[in-house]
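Trainee: The sequence shown maps to residues 185 to 929 in the working numbering.
Even glycine gets a Cβ: it sits at the ideal position worked out from N, Cα and C.
Small disclaimer: the values here were computed from a predicted structure and weren't measured.
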Amino acid sequence: MNKYILFFYVFIICSIALSCRSQQVININPTDDQRFDTTGSDVVPPTNLSIEYIREPSVIILMDTQPEFAWIVSKESVFQSAYQILVASSQENIDKDNGDIWDSGQVRSNESSNVEYDGKSFQKERRYHWKVRIWDEANRLTKYSESQSFQVGGDSKMITTANFFQTDRIQPVNFQQVSKDAYFVDFGKAAFANMELVYHAKTPDTLTVRVGEQLSGNEINRDPDGHIRYAEVKIPVTPNQTRYQLPLIPDYRHLRPAAIALPDSFPVLIPYRYLEIENAQADIEQSNLTQIAYHVYWEDTQSSFESSNDILNQVWEMCRYTIKATTFAGLYVDGDRERIPYEADAYLNQLSHYTTDKEYAIARQTIEYFMEFPTWPTEWQQHVALMFYADYQYTGNTELIEKYYEPLKHKTLFELRREDGLISSTKVTPEFMKKLGFKNPKTKLKDIVDWPPAGWGGDPEVLGERDGFIFMPYSTVINCLFYQNMKIMAEFADALGKTEEAIEFELMALQAKKSINEKLYDKSKGAYIDGEGTDHSSLHANMMAFAFDIVPKEYRQSVLDFIKSRGMACSVYGSQYLMEALYNANEGDYALELMTAEHDRGWYNMIKIGSTIALEAWDMKYKSNADWNHAWGAAPANIIPRYMWGIQPKTAGFGVAKIKPQMSDLKHSKIEVPTIKGIIKGEYKFINNRQQTYIIELPANMVAEFEVVNPEGKQVKLNGKKVSLAFGAIRLMPGVNEIEMGNFL
185 MNKYILFFYV FIICSIALSC RSQQVININP TDDQRFDTTG SDVVPPTNLS
235 IEYIREPSVI ILMDTQPEFA WIVSKESVFQ SAYQILVASS QENIDKDNGD
285 IWDSGQVRSN ESSNVEYDGK SFQKERRYHW KVRIWDEANR LTKYSESQSF
335 QVGGDSKMIT TANFFQTDRI QPVNFQQVSK DAYFVDFGKA AFANMELVYH
385 AKTPDTLTVR VGEQLSGNEI NRDPDGHIRY AEVKIPVTPN QTRYQLPLIP
435 DYRHLRPAAI ALPDSFPVLI PYRYLEIENA QADIEQSNLT QIAYHVYWED
485 TQSSFESSND ILNQVWEMCR YTIKATTFAG LYVDGDRERI PYEADAYLNQ
535 LSHYTTDKEY AIARQTIEYF MEFPTWPTEW QQHVALMFYA DYQYTGNTEL
585 IEKYYEPLKH KTLFELRRED GLISSTKVTP EFMKKLGFKN PKTKLKDIVD
635 WPPAGWGGDP EVLGERDGFI FMPYSTVINC LFYQNMKIMA EFADALGKTE
685 EAIEFELMAL QAKKSINEKL YDKSKGAYID GEGTDHSSLH ANMMAFAFDI
735 VPKEYRQSVL DFIKSRGMAC SVYGSQYLME ALYNANEGDY ALELMTAEHD
785 RGWYNMIKIG STIALEAWDM KYKSNADWNH AWGAAPANII PRYMWGIQPK
835 TAGFGVAKIK PQMSDLKHSK IEVPTIKGII KGEYKFINNR QQTYIIELPA
885 NMVAEFEVVN PEGKQVKLNG KKVSLAFGAI RLMPGVNEIE MGNFL
C-alpha cells in the first residue's frame, strides 16, 4: 500500500514541475561556466541580433522602455535549449562579459525572439550594449554573439519604434544624348526619389528637367492619365556650383492634414523612372546622374523566387519591388495620390512585406496609427483585426494585442449583431463611431465590398470591380469578415488568458457561420447571395466565404464552380481573397492561370504597359484616376510564398511552420522566405508525372509540417525513408529535408 502512496506523491510533484513556466532562470556568473557542459564552445554563436524588430538599432531611439530582444540561432545549434543575455553600460563592459545593467542568467527556454528586458531602468540619451549566448540542443554552450548598441527613451504615444530610412543611389541603365543639348535617361525602375546631378556650368544658365513614370513614344508622357506622375522643373546652374537636386514642388494633396508628412530632412519626392534634360550647354555623362531613392530599412537578401514560368517570375519581381519602393513614407500609404493610410491597403501591404523582408516595425506602427485615425469603409474597420493577427502570427508578440485589446473589440463590430449573430453597418450610432476612434461622431460607416464602383468618376463606361454586387443591410461580405474577426478575437483572448471571453468570441463565430450558411446561401443555385433580401450572387460573396473557410463540405464544389465561372471579376484588392479562396480549395492550377494571365485583368498587364510598381487598378480604363505606385496591387508577393509554396506560420512566431505547396504545372521553382527565426528555403523539381522532389531547408529552432495536397495514391520518402501520410502531414526538422513523391515499388 505504501508504494502506491509514494507513487501518488511522486506523480503530484512531477505534475507540478511540468505545470511551471517553461522559462527557468539560473543565475550564473562568467566564472561559473565550468558548471555546465562547454564542450561546444566552438559552436557558432547567435547572429542577426535585433531589438524591437530593428536590425540596426544603433542609429535610432527605442520607444519601449522594456524592449524585446531577438537573435537567430545558428544552424549548427539545431535547437536552442537555453540563453543568457548581457546588457552593459559601456563597450568596455560588454567586451569583458560584464552585464552591469542586466545579466539574465541562464534561462532554460527555446525562445529566440520577444525576450523582454528585465533589468535596471534605462536612462534617456545613454548608449547601452548587449549580446547573447545560447546552449544548443545538446546543452553545449556557444560563445557570445557580437555586441549591438542601442538607446532607449523616445517620447511617443506609440510603443512601436520606427525603423530608419535608407537611400539607394541608382545609376542609369540607359543614357542617350538625343541632341546637342538634350539627354534621355532611364533608371530601369520607378522609385520615390529625387535626383543628384553633377554639372559643370561654364556660364550661368538654366536647365529644363522632366521626370515621369510613363513614356509616350520615345519621350516622357507629359500629359499622363489619372495620377501617373510627371513633373517639369527649371534648375538654375552656375560655375560656382557643381551638385544639384530637383527643385520639385509638393503636390497639394500631400500637404493636407490626413496625408503622411515626410521627415523634414527629405527633399520633395516623386515616383519616376525616366528623366529628360534640355538646354545643357556643358557635357553630361552617365555617371553625372543619380536617382536617389528613399525607402524604409530593407534587406534584398531576405527573399527570392524563381520558377520555370517566366511571366510568374516577372510578376513576383514587380510585386516584391513594389513593397520596397512604397515604404518611402514610413507608414503604409495608398500610393502617391493621397499618401494616406487605409486599413485594407495596409493589410495587403503588410502580408507582402512579411514575405519579402524580415521587417515588422512599419506594420506595427501602421496598426497603432489606425487605432487613432480610422477610415470610413465598413470592411476597412474589420481589417484592423486582420492586421493584428498577421503581426501576432509572424512575430509571436502579444504586446500590441495587450495594449489595444479593448478598443480592438469595437473594430470587429460585434456590438452590431442581431439575435441570429449577423451584423449590419446600418446600426451604427454616433456613440459607436466614437468607440471606433472617429473624431467626428457624425461619420457613417459605408460598405465598400471592392473599389471602384460602377460609373466611377462620372464615367458610365467604368463597369466597376464589384461584379454587380447588390448592397443590402445584412451583407455576406461584411459577415464573412465578421466571422473571421470573431475567430481572431477568440485566439487573442485565449493568448491573454481571458478564457471566458475566448469562449464568447468562439460562440459568436459559430453563430455567424451558421447564419451565413442558413440565410445567405442559395441552395437552388449553389452559391452565396450578396446579402439578405436579394437573389444576386457575386464573385465577392462567394470568394470571401471560401477564403475564410465558411463553406461546408457539401457546398464546396458548387461554390467553387461559381467562383471559377466569374474569372477575375474583382479589383487588385479583391484578388487577394480570390487567390486565398482558390488555394484553400486546392485549385492551384486555376490560381496560377490567373496570376500569369496575359489579358488586361492581370499583373502581367501592369508590366506590359510599362510600370515597374504595381498599379492601383488592373488598367487605367478600370479606374480613371488610378496611380502607378500602389502596394495593394502587389498580392502575388505574398500569394506565391504563402499559398503557391504554402509557407505560413502554424504557431505564432513560427515555432512551427506549415508548408502546403501547390505547384501546378511548374517544372521547377526555388524560394526564400524570411521569418523571425531565419530564412526558409525551398526547391521544387518536376521529374515526371510519377515523381517530384522538394528540398526544404528550415532555420534552426523551427520545425514544420509538410502537407501533401490530394495524397491519395501517393507515396512519399523523407530523406530516403518512406513515410506515412495517414496523419496528413510530414514533420520536418531544422536543416535540409529532402522529400520525394512518386511510385517507389
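Put tyrosine 367 into one of helix, strand or coil per three-state DSSP.
Mentor: strand
Trainee: Among Ser363, Ser659, Gly641, which one has its Cα closest to the Cα of asparagine 809?
Mentor: Gly641
Trainee: Whole angstroms is fine: what's the gap from arginine 457's alpha carbon to glutamine 355's?
Mentor: 11 Å
Trainee: With 16 as the cutoff for other CB atoms within 10 Å, does glutamate 309 come out buried or exposed?
Mentor: exposed
Trainee: Here's the rule: buried if 16 or more other CB atoms are within 10 angstroms of the residue's CB, otherwise exposed. What is valine 900?
Mentor: buried
Trainee: Does the Cβ-Cβ distance between valine 316 and proline 230 come in under 8 Å?
Mentor: yes
Trainee: Here's the rule I'm using: 16 or more other beta-carbon atoms within 10 Å means buried, otherwise exposed. How should phenylalanine 730 be labelled?
Mentor: So phenylalanine 730 ends up on the buried side.
Trainee: Taking methionine 727 as part of the alpha helix (DSSP H), name the residues at either end of that continuous run.
Mentor: 723-731
Trainee: For tyrosine 538, does the three-state DSSP call read helix, strand or coil?
Mentor: helix
Trainee: Provide the residue(s) that pair with glutamate 867 in DSSP beta bridges, ordered along the chain.
Mentor: Lys854, Ile879
Trainee: What are the boundary residues of the alpha helix (DSSP H) that includes valine 661?
Mentor: Per DSSP, the unbroken alpha helix (DSSP H) holding valine 661 starts and ends at 660-679.
Trainee: Would you decide whether asparagine 213 is buried or exposed? Buried here means 16 or more other CB atoms lie within 10 Å of its CB.
Mentor: Only weak support is given to the placement of asparagine 213: the predicted model assigns it a pLDDT of 46, under 50, and the value that follows is read from those uncertain coordinates. So asparagine 213 ends up on the exposed side.
Trainee: If you draw a straight line from the C-alpha of tyrosine 267 to the C-alpha of isoleucine 343, how long is it?
Mentor: 26 Å
Trainee: Could you name the residues that DSSP lists as bridge partners for glutamine 268?
Mentor: Arg317
Trainee: Please identify the residue among Gly648, Thr539, Pro525 whose C-alpha is closest to the C-alpha of arginine 504.
Mentor: Thr539
Trainee: Would a C-beta distance cut-off of 8 Å place isoleucine 444 and leucine 515 closer than the cut-off?
Mentor: Yes; because the gap between Cβ atoms is below 8 Å, this pair is in contact.
Trainee: For tryptophan 286, list the residues DSSP reports as bridge partners.
Mentor: Val271
Trainee: In three-state terms, what does DSSP make of tryptophan 255?
Mentor: strand
Trainee: Could you tell me whether the stretch 269-276 touches the stretch 873-882, using the rule of 3 or more Cβ pairs below 8 Å?
Mentor: Below 8 Å, too few C-beta pairs join the stretch 269-276 and the stretch 873-882 to call them touching: fewer than three.
Trainee: Can at least three beta-carbon pairs, one atom from the stretch 880-891 and one from the stretch 902-915, be found at a separation below 8 Å?
Mentor: yes
Trainee: Where in the stretch 741-814 do unbroken runs of the alpha helix (DSSP H), each at least 4 residues long, occur, reported from the N-terminal end onward?
Mentor: For the stretch 741-814, whole alpha helix (DSSP H) runs of length 4 or above, ordered along the chain, are 758-768, 772-779, 787-792.
Trainee: CB proline 431 to CB phenylalanine 376, shorter than 8 Å?
Mentor: no
Trainee: For serine 492, does the three-state DSSP call read helix, strand or coil?
Mentor: coil
Trainee: Ends of the alpha helix (DSSP H) at glutamate 556?
Mentor: 545-556
Trainee: Looking at glutamate 649: is its Cβ nearer than 8 Å to the Cβ of glycine 817?
Mentor: no
Trainee: Indicate the three-state DSSP secondary structure (helix, strand or coil) for arginine 521 in the structure shown.
Mentor: In the structure shown, arginine 521 sits in coil (DSSP, three-state: anything other than H, G, I, E or B).
Trainee: Would you report the Cα separation of proline 447 and phenylalanine 512, rounded to the nearest angstrom?
Mentor: Taking the straight line joining both Cα atoms gives about 10 Å.
Trainee: Can you tell me whether isoleucine 433 is buried or exposed, with buried defined as 16 or more other CB within 10 angstroms of its CB?
Mentor: With fewer than 16 Cβ atoms within 10 Å of its Cβ, isoleucine 433 is classed as exposed.
Trainee: Using a threshold of 8 Å, state whether the C-beta atoms of methionine 779 and valine 499 are closer than that.
Mentor: yes
Trainee: According to DSSP, is methionine 886 helix, strand or coil?
Mentor: coil
Trainee: Looking at isoleucine 585: is its Cβ nearer than 8 Å to the Cβ of phenylalanine 676?
Mentor: yes
Trainee: Kindly list the residues whose CB is nearer than 6 Å to the CB of tyrosine 943, restricted to its own chain and excluding five residues on each side of it in sequence; keep chain order.
Mentor: Residue 943 is absent from the model: the chain starts at 185 and stops at 929.
Trainee: In terms of residues, what are the limits of the alpha helix (DSSP H) holding asparagine 701?
Mentor: 683-703
Trainee: Do the stretch 278-287 and the stretch 253-264 make contact, defined as three or more Cβ pairs closer than 8 Å?
Mentor: Remark: fewer than three beta-carbon pairs, one from each stretch, lie closer than 8 Å, so the stretch 278-287 and the stretch 253-264 are not flagged as touching.
Trainee: Going by the beta-carbon positions, is the gap between cysteine 754 and histidine 724 smaller than 8 Å?
Mentor: yes
Trainee: Between glycine 580 and histidine 783, what straight-line distance do the alpha-carbon atoms span, to the nearest angstrom?
Mentor: 40 Å
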